[in-house]
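One structure is given below, encoded as structure tokens.
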Amino acid sequence: MCRHDVSITLSPTRPQAANQARGLTVKRKPIKPTLRRAYGLLQRLHLRSYENYQPVAGSGRVAPGTRDCEVRWEAIRTVLDQYQCRSLVDLGCSEGFYVLQAARHGLPFCVGVDFDLRRTFTSTSQVVLGDVAHAGFMISEIDLELLEALPRFDAAIFLSVLHHIMYQRGPDHCRRLLAALARRLDKVLIFEMGQSDEHMESWASKLPDMGSDPHRWIADFLRSSGFTEVEKIAEAPSYKREVQRALFKAVP
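Here you go:
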């Protein structure tokens, strides 16, 4: 698999500037240097225990992931700017790459959701070690109970998750999930899912047959699930680099 290094620029002065504009004096309490070094060491040991899906930054180092996240982020950033988004939820956020990038980019409220404890440890460690304001993470399955309880968000990211639900619960259940999500969105969804032509994956044969044009099939599926405007904004390799997956923006 191809791996890429990631250059991440932090913006630690933004929260301070915002407080000064409000006439407030708030002193952020730092972590003791010894504890920060210990936490960084723990993060590095943790990353040796599994294969991280996304790039991970911590203690001045970057562990590259197994996906082309930078390509997707450039397309996502453009959409967030286009719709002037100020709040974001990433469903199935993995190591939190897009949540952290969005917070660094200036979105005031960015939340990631994942059910994998290993990846949640990694995402939260980056918030602490990188001193990333306006980003947070929670542990939950992506189900109707969660989606119906969400507060309203300007934008949602929902990448590489729905096909896992679809081959277990079926297309109708996935339509209900997307419809519930559409009701919680004010501006835009950024979406990607696995395709039935990814023959190297064991789950591909369990998906509905998407025909000769899976990208069109997925766009039609989004339209049938409560989204009125659907547009392909980018393509990037699948997990095993067998096909090009489509990245969509969809307006509820």
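Numbering (the working numbering), first residue to last: 1080 to 1331. Glycine is no exception: its CB is placed at the ideal position from the N, C-alpha and C atoms.
Assuming residue i and residue j form a contact by the criterion Cβ under 8 Å, report the distance between their Cβ atoms to the nearest whole angstrom.
i	j	result
GLU1314	LEU1301	No, GLU1314 and LEU1301 are not in contact; Cβ-Cβ is about 16 Å, not under 8 Å.
LEU1170	VAL1240	6 Å
LEU1264	ALA1235	6 Å
THR1201	HIS1125	7 Å
TYR1211	LEU1179	It is worth fixing the name first, because residue 1211 is Val in this sequence and not Tyr. Going by Cβ atoms, the distance from VAL1211 to LEU1179 rounds to 6 Å, so yes, they are a contact pair.
GLU1280	LYS1319	7 Å
Going by alpha carbons, who is nearest to residue i out of the options?
i	options	result
ALA1181	LYS1285, SER1281, VAL1168, VAL1192	VAL1168
PHE1194	ALA1329, GLY1175, LEU1114, ALA1298	GLY1175
GLY1051	LYS1319, ILE1297, CYS1172, VAL1150	Shown here, the chain extends from 1080 to 1331; a query on residue 1051 therefore has no answer.
THR1307	GLU1321, LYS1266, ARG1255	LYS1266
ARG1262	ALA1228, CYS1189, ARG1165	ALA1228
HIS1213	SER1204, GLU1220, GLY1185, ARG1295	GLY1185
GLN1205	VAL1322, SER1303, LEU1121	LEU1121
TYR1132	CYS1164, TYR1177, MET1289, THR1157	TYR1177
ALA1259	PRO1230, GLU1271, GLY1191	PRO1230
VAL1192	VAL1135, THR1157, ILE1218	ILE1218
PHE1237	ALA1283, TRP1282, GLY1249, VAL1190	VAL1190
LEU1159	GLY1249, GLU1321, GLY1290, ASP1233	ASP1233
Look at the alpha carbon of residue i and the alpha carbon of residue j, and state the distance between them as a whole number of angstroms.
i	j	result
GLN1161	GLY1305	21 Å
ASP1276	PRO1287	10 Å
ALA1117	ARG1123	10 Å
ASP1222	ALA1154	26 Å
PRO1109	PRO1187	21 Å
GLU1224	MET1245	17 Å
LYS1328	GLU1310	5 Å
THR1199	TYR1129	13 Å
HIS1242	LYS1111	43 Å
CYS1148	SER1317	11 Å
GLY1209	ARG1107	14 Å
PRO1331	ILE1269	11 Å
PRO1143	LEU1257	31 Å
ILE1312	LEU1196	31 Å
ALA1100	ASP1292	Legend: pLDDT at ALA1100 = 49, less than 50; position of this residue unreliable, no value from coordinates given.
TYR1251	GLU1220	Inspection of the sequence shows that residue 1251 is occupied by Asp rather than by Tyr. The straight-line gap from Cα to Cα measures roughly 18 Å.
GLN1247	ARG1254	14 Å
PRO1134	TRP1152	12 Å
THR1157	SER1284	34 Å
CYS1164	ARG1183	14 Å
GLY1273	ARG1324	7 Å
ARG1295	GLY1249	19 Å
THR1113	ALA1136	19 Å
GLY1119	LEU1226	33 Å
GLU1321	SER1303	27 Å
Output the boundary residues of the beta strand (DSSP E) element that contains residue i.
i	result
ILE1218	1214 to 1218
GLY1191	1188 to 1193
ILE1221	Here ILE1221 belongs to no beta strand (DSSP E), and DSSP marks it neither H nor E.
ASP1233	1232 to 1238
Is there at least one Cβ from chain D nearer than 8 Å to residue i's Cβ?
i	result
LEU1225	Given the protein chain composition of this structure (a single chain), no chain D is represented.
Let's see if you can read the secondary structure: which residues bound the alpha helix (DSSP H) around residue i?
i	result
GLU1271	Taken as a continuous stretch (DSSP letters only), GLU1271 belongs to no alpha helix (DSSP H), being part of the beta strand (DSSP E) at 1264 to 1271.
LEU1170	Element bounds for LEU1170: not the alpha helix (DSSP H) but the beta strand (DSSP E), 1166 to 1170.
VAL1150	1148 to 1161
PRO1250	1250 to 1261
GLY1175	Run containing GLY1175: none; DSSP gives neither H nor E here.
LEU1208	1196 to 1209
At a threshold of 7 Å, does residue i count as lining the ligand ADP (C-beta to nearest heavy atom)?
i	result
ARG1324	No copy of the ligand ADP occurs in the structure displayed, which carries no ligand at all.
Original post:
What are the start and end residues of each continuous beta strand (DSSP E) run of 3 or more residues lying completely inside the stretch 1275 to 1323, in chain order?
Top reply: Qualifying beta strand (DSSP E) stretches, in chain order: 1308 to 1316.
Original post:
What alpha helix (DSSP H) runs, 4 residues minimum, are completely inside the stretch 1110 to 1134?
Top reply: As far as the stretch 1110 to 1134 is concerned, its whole alpha helix (DSSP H) runs of at least 4 residues are 1112 to 1126.
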